[in-house]
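Encoded as structure tokens, the structure appears first; notes follow it.
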Amino acid sequence: MEKEAASIVKYLKANGGSVTCAARELNIKLTKGLRAELVHIDSNLERYRYAFRRHGNWFTLPTDKASSRDAQKVNSVCLSCNQIHSVALIGLVSGRSTGCHTCRMKERENIQVSSKDAEQTFNSIRDFAKSVGQLEQYQSLRHKLKSQGSVVVDGTEYCLN
Ligand SMILES: [Zn+2]
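Heads up, the sequence shown is in this note's numbering, so the first residue is -18 and it goes up one at a time.
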């Protein structure tokens, strides 16, 4: 039984998931005695439950179990900047949270606008608005680009990349 318990722990540390899942994957029958042995080896195997999963740019780490699923947060590394954040499990599994706030803001700024013939490229909507002399219309240009994907200024079509 010690060998089986050790295999389960090893599995959890490599793959994450619950004890039940690990036992099923390894084809091990989860008896009362085996459960006791597992607790003896490691009393907090629950922390692997949501670990080692990729959700967007997040990679989840072992985290203590919360009182409810709604309250569950999971320590996660943002793979863009290597910072560890505590992220709501619900946001992770629903796909609403895909990376840390800072990186998402940066990504948003990385939008490019270019003319249809690709002769002109701008690194932001603001740069574009300034270049075509419509900085006062920035909000309206931005709205059109975001909703329609393109906008026509002085007969030239510009697209969001
Ligand atoms: Zn980040």
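In this text, a Cβ means the ideal position worked out from N, Cα and C, and glycines have one as well. Keep in mind that this is a model prediction, so the values were computed, not measured.
Any non-hydrogen atom of ligand 1 closer than 7 angstroms to residue i Cβ
| i | result |
| --- | --- |
| SER61 | yes |
| THR83 | yes |
| GLY80 | yes |
| GLN64 | yes |
Status (buried if at least 16 other CB within 10 Å, exposed otherwise) for residue i
| i | result |
| --- | --- |
| THR41 | buried |
| SER78 | buried |
| ILE106 | buried |
| THR44 | buried |
| GLN64 | exposed |
| GLY80 | buried |
| LEU116 | exposed |
| ALA(-14) | buried |
| ALA99 | exposed |
| HIS36 | buried |
| ALA17 | exposed |
| ALA47 | exposed |
CB contact below 8 angstroms: residue i versus chain B
| i | result |
| --- | --- |
| GLN53 | In the displayed structure, chain B is absent; only one protein chain is listed. |
Same chain only: Cβ atoms within 7 angstroms of residue i, ignoring 5 sequence neighbours per side
| i | result |
| --- | --- |
| GLY(-2) | TYR29 and ARG30 |
| HIS66 | SER57, CYS59 and CYS81 |
| ALA(-5) | none |
| ARG34 | GLY(-3) and THR41 |
| CYS62 | CYS81, THR83 and CYS84 |
Nonlocal neighbours in the same chain, by C-beta distance under 6 angstroms from residue i, ignoring five residues either side
| i | result |
| --- | --- |
| VAL113 | VAL134 |
| PHE109 | VAL94 and PHE103 |
Short Cβ contact (8 angstroms threshold) for residue i with residue j
| i | j | result |
| --- | --- | --- |
| LEU19 | VAL(-10) | yes |
| VAL68 | LYS54 | yes |
| GLU138 | LYS97 | yes |
| SER(-12) | ILE22 | no |
| GLU(-17) | TYR(-8) | no |
| LEU141 | ILE92 | yes |
DSSP beta-bridge partners of residue i
| i | result |
| --- | --- |
| PHE103 | VAL94 |
| PHE40 | ARG35 and VAL58 |
| GLU138 | VAL133 |
| HIS66 | SER57 |
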